[in-house]
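Novice: The structure's right below; bear with me while I get my questions together.
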Amino acid sequence: MADFDQELDASGLNCPLPILRAKKSLAAMDSGQVLHIIATDPGAVKDFEAFAKQTGNELMDSKEDGGKFYFLMKKA
Amino acid sequence: MSEKKMAIIATKGSLDWAYPPFILASTAAALGYEVQIFFTFYGLQLLRKKLDLKVTSLGNPGMPMPMPMPVLVQALPGMQSMMSFMMKNKMKAKGVASVEELRSLSLEADVKLIACQMTVDLFDFKNSEFIDGIEFGGAATFLGFAGDSDICLFV
Chain F
814 MADFDQELDA
824 SGLNCPLPIL
834 RAKKSLAAMD
844 SGQVLHIIAT
854 DPGAVKDFEA
864 FAKQTGNELM
874 DSKEDGGKFY
884 FLMKKA
Chain D
355 MSEKKMAIIA
365 TKGSLDWAYP
375 PFILASTAAA
385 LGYEVQIFFT
395 FYGLQLLRKK
405 LDLKVTSLGN
415 PGMPMPMPMP
425 VLVQALPGMQ
435 SMMSFMMKNK
445 MKAKGVASVE
455 ELRSLSLEAD
465 VKLIACQMTV
475 DLFDFKNSEF
485 IDGIEFGGAA
495 TFLGFAGDSD
505 ICLFV
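These protein sequences, in sequence, are chains F and D. According to this note's numbering, the residues represented by the first sequence are 814 to 889, in order. According to this note's numbering, the residues represented by the second sequence are 355 to 509, in order.
Below you can see the structure in the form of structure tokens.
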């Protein structure tokens, strides 16, 4: 996975908390910076796609590994 | 991106039904929506300072039960409290946010919470029983916002 500027561990949290925490983290970041998100909620995969589409932030990567989900989100 | 709007009417005051309005409101706010929730009748319970929300299986055959239980047993004293306790524990174990947490996240995200003045008067509630940062209004207040909304829900 590419470099990132900040990391958010949303493991163990369920809908809608991973999205809300990601939104909060992104709000404190600069445009173009990348947030790495770790989640265990399987619903987060679709939710982060929808979040990116509706907020304009770019979902650079989304992958699953051993029951965990990893996302890279670039702030618009 | 022009701001979208979502309007919700929350009419139910039980633990389970507290979730849809606050989950949708907080998430929509995170997606950039302007959101208002109008709390009327039993929905007003969701705005109290001290939440004591309960869940019941009575009249709700869809509720998953840990073991089969005749309806008359479900109606015994203490059962409602026990089920609410079990539900809250289950939610905590599964990483589901509490209603209090979703409510403060909604307020933080500038979701406007409006208490129905008519129901407040009907039930003799005092404004001081409700959390700070809410407004009081009537049907016309809600419709003023709902009329321009992109999403409008009755929960």
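We put the CB at the ideal spot given by N, CA and C, even for glycine.
CA-CA distance, D:Asp-502 and D:Met-437?
Specialist: For the purposes of this step, residue 502 of chain D is identified with residue 148 of the second sequence, where counting begins at 1. For the purposes of this step, residue 437 of chain D is identified with residue 83 of the second sequence, where counting begins at 1. Rounded to whole angstroms, D:Asp-502 to D:Met-437 spans 40 Å at the Cα level.
Novice: What does the Cβ neighbour count give for F:Ser-838, buried or exposed, with the cut at 16 atoms within 10 Å?
Specialist: Counting from 1 along the first sequence, the entry for residue 838 of chain F is found at position 25. Buried, by the Cβ-count rule.
Novice: Whole-angstrom Cβ separation of D:Glu-357 and D:Tyr-387, contact assumed at under 8 Å?
Specialist: Counted from its first residue, the second sequence places residue 357 of chain D at position 3. Counted from its first residue, the second sequence places residue 387 of chain D at position 33. The Cβ separation is near 7 Å, so the contact holds.
Novice: Taking the alpha helix (DSSP H) that D:Tyr-552 falls in, what are its first and last residues?
Specialist: Since the first residue shown for chain D is 355 and the last is 509, residue 552 of chain D is missing from the structure and cannot be characterised.
Novice: Use the C-beta contact count for D:Gly-513: other C-beta atoms within 10 angstroms, 16 or more gives buried, fewer gives exposed.
Specialist: Residue 513 of chain D falls outside the range modelled here, since chain D spans only 355 to 509, and no answer is possible.
Novice: For D:Arg-457, collect the residues of the same chain with a Cβ closer than 6 Å to its Cβ; drop the 5 residues on either side in sequence, then sort them by chain order.
Specialist: Taking the second sequence and counting its residues from 1, the one referred to as residue 457 of chain D is at position 103. Closer than 6 Å at Cβ, skipping near neighbours: Phe-376.
Novice: Quick one: Cα of D:Met-355 to Cα of D:Cys-506, how far?
Specialist: Here residue 355 of chain D refers to the residue found at position 1 when the second sequence is read from its first residue. Here residue 506 of chain D refers to the residue found at position 152 when the second sequence is read from its first residue. Here D:Met-355 scores only 49 on pLDDT, less than 50, and its place in the model is too uncertain to base an answer on.
Novice: Under 9 Å, CB to CB, which of the residues in the region 859 to 889 of chain F have a partner in chain D?
Specialist: Asp-860, Ala-863, Phe-864, Gln-867, Thr-868, Gly-869
Novice: How far does the beta strand (DSSP E) with F:Met-886 in it reach, from first residue to last?
Specialist: Sequence index remark: in the first sequence, residue 886 of chain F carries index 73 (1-based). From DSSP, the beta strand (DSSP E) with F:Met-886 extends over 881 to 887.
Novice: Taking only beta-carbon positions, decide if D:Gly-449 is within less than 7 Å of chain F.
Specialist: By one-based count along the second sequence, residue 449 of chain D stands at place 95. Taking Cβ atoms only, chain F reaches closer than 7 Å to D:Gly-449, which makes this a yes.
Novice: Using a Cβ cut-off of 9 Å, which residues of the region 825 to 837 of chain F contact any Cβ in chain D, in chain order?
Specialist: Gly-825, Leu-826, Asn-827, Cys-828, Pro-829, Leu-830, Ile-832, Leu-833, Ala-835, Lys-836, Lys-837
Novice: Can you give me the Cβ contacts of F:Ala-857 inside the same chain, cut-off strictly under 7 Å, excluding the 5 residues immediately before and after it?
Specialist: Position 44 of the first sequence, counting from 1, holds the residue named residue 857 of chain F. Taken in chain order, the residues that qualify are Pro-831, Phe-882.
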